[in-house]
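If you want the numbering used here, it's the 1-based position in the sequence shown plus 1.
Note that the Cβ used here is the ideal one computed from N, Cα and C, for glycine as well.
Please read the structure below before turning to the comments.
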Amino acid sequence: MDTISSFRTESVAVLAALYLIRSICNFYDIRTSPSYIQYHLDNKEALLDSTTQTTHHSSTQITTEYDIWAAIRDTTSSTPGIHFGIHVKGHQDDNNPIDSLSPEAQMNIRMDKIAGECRIAHPFPLPAKTHSGNQVSLTLKGHTVTTKTHLQLRSALTAPSLQDYIQRKQNWDEHIFSMLD
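This is the structure in structure tokens:
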């Protein structure tokens, strides 16, 4: 099963915050606002792709996070306010005391710590969910592919015939093969 990358989760966190802001605006019937909606990411690529209409990937590359970036762009366009993302350098606490860092860097350190604790507490991540509005997503065996696209496609295409070959060669049935580690 495909696991969700930190690249994707950071983008989804921005999207979740924007969904919350949009819901509040809808509830209070706020249609325009001069307010600034600023978010920080320690991933320059995610920041660039979530704020521009076109990704900087080549046209031949499958961009697995496109659904999230498109949803962010759609949500910012339908949410009142002036939206902008800012890059914050990650892991600044490696060489500096936390108290000496900017509030944005301190928040980034805290979020990285929470994410690490969550990964330890939940070693088997939930499968990725595609977002409405995306035109294409790749799903294999009911799970959306978000990383290692080429490897997962190759495995999906070759694994069944390889399994069949091994079962025939060893004279194993499906039950015996499924018990192998």
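Contact set for residue i: own chain, Cβ-Cβ below 7 Å, skip 5 residues either direction
i    : result
G143 : none
C26  : T80 and P81
In DSSP terms, what residue i is bridged to
i    : result
I38  : H84
T145 : T140
Identity of the residue in the options nearest residue i by Cα
i    : options                  : result
I31  : A122, S79, T148 and S103 : S79
F85  : L42, A72, R169 and H151  : L42
S51  : M112, R9, S36 and D94    : R9
L154 : L141, E105 and Q164      : L141
Y67  : R169, L158 and V146      : V146
I73  : V15, H151 and S36        : V15
D75  : S156, T53 and Q171       : T53
S24  : L139, E105, T77 and L102 : T77
Same chain, Cβ closer than 8 Å to residue i, neighbours up to 5 away in sequence not counted
i    : result
I167 : W173 and F178
I22  : I38, T80 and G82
Residue i to residue j span [Cα, whole Å]
i    : j    : result
L19  : S12  : 11 Å
L181 : A160 : 15 Å
A122 : D100 : 28 Å
Q107 : H88  : 13 Å
K114 : R169 : 49 Å
A17  : H151 : 28 Å
N97  : M112 : 17 Å
Sequence-distant residues of its chain with Cβ nearer than 6 Å to residue i (five each side left out)
i   : result
D94 : I110
L48 : L42, G86 and H88
Residue i (DSSP reduced to helix, strand or coil)
i    : result
V89  : coil
N109 : helix
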